[in-house]
Amino acid sequence: MSSFSDSQIGRELKKIQQDIFNISGDISLPDSESVLLKKERIKDIEDHIDIITNKLPPLKEFILPGGSEHISRLHIARTSCRNAERSLISMYGNENLNQLHAKYMNRLSDYLFLLARLVKHNEGVKEEHWDLEK
1 MSSFSDSQIG
11 RELKKIQQDI
21 FNISGDISLP
31 DSESVLLKKE
41 RIKDIEDHID
51 IITNKLPPLK
61 EFILPGGSEH
71 ISRLHIARTS
81 CRNAERSLIS
91 MYGNENLNQL
101 HAKYMNRLSD
111 YLFLLARLVK
121 HNEGVKEEHW
131 DLEK
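Just so you know, we're using full-length UniProt numbering here: the sequence shown kicks off at 1 and counts up by one.
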């Protein structure tokens, strides 16, 4: 994502990297009373989701991931977030973990999906719809 580094997207991705490190810190110290990931960050991501959603045409069908390298990397990051979310949920029964982390990963996955769509839209790449018959 280095070519995003000077853009608004790049700045937001840097904040997300900080958030992921905060989640890692929280998980490594489950009995700590201080929480590194602040719940306000979920609201920030949801605000970005709303902004991006308003810039894109409505999605009426499933789309296939792919496009440029940036788009593909965003989709890979999105699927990694979904995997992390499932792992966090499976850990809740065994550990004293904050459920805020799974919620954050869920919202982050949605954000990355929309961000990939926005980059695709800005690059003029047509979204390819999933064809059930193929």
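Idealized CB from N, CA, C, for every residue including glycine.
- Put simply, the backbone Cα of glycine 67 is about 7 angstroms away from that of valine 125.
- Taking C-alpha positions only, alanine 116 is separated from serine 34 by approximately 34 angstroms.
- With contacts defined as CB atoms closer than 8 angstroms, aspartate 110 and isoleucine 49 qualify as a contacting pair.
- For valine 119, the uninterrupted alpha helix (DSSP H) segment begins and ends at 100-122.
- Contact annotation: leucine 108 and cysteine 81 have beta-carbon atoms nearer than 8 angstroms.
- Secondary structure note for serine 28: its alpha helix (DSSP H) is the uninterrupted segment 8-28.
- The Cβ neighbour count for histidine 75, taken over all protein chains shown within 10 Å, is at least 16; the residue is labelled buried.
- The residue from Glu127, Phe62 and Asp19 with its alpha-carbon nearest to that of lysine 43 is Asp19.
- The beta-bridge partner set that DSSP reports for histidine 129 consists of Ile63.
- Per DSSP, the unbroken alpha helix (DSSP H) holding serine 80 starts and ends at 69-91.
- If you ignore the 5 residues before and after lysine 39, its C-beta comes within less than 7 angstroms of the C-beta of Leu100, all in its own chain and listed in chain order.
- Within the model, the alpha-carbon separation for asparagine 54 versus leucine 114 is close to 11 angstroms.
- A distance of 8 angstroms or more separates the beta carbons of leucine 13 and asparagine 22.
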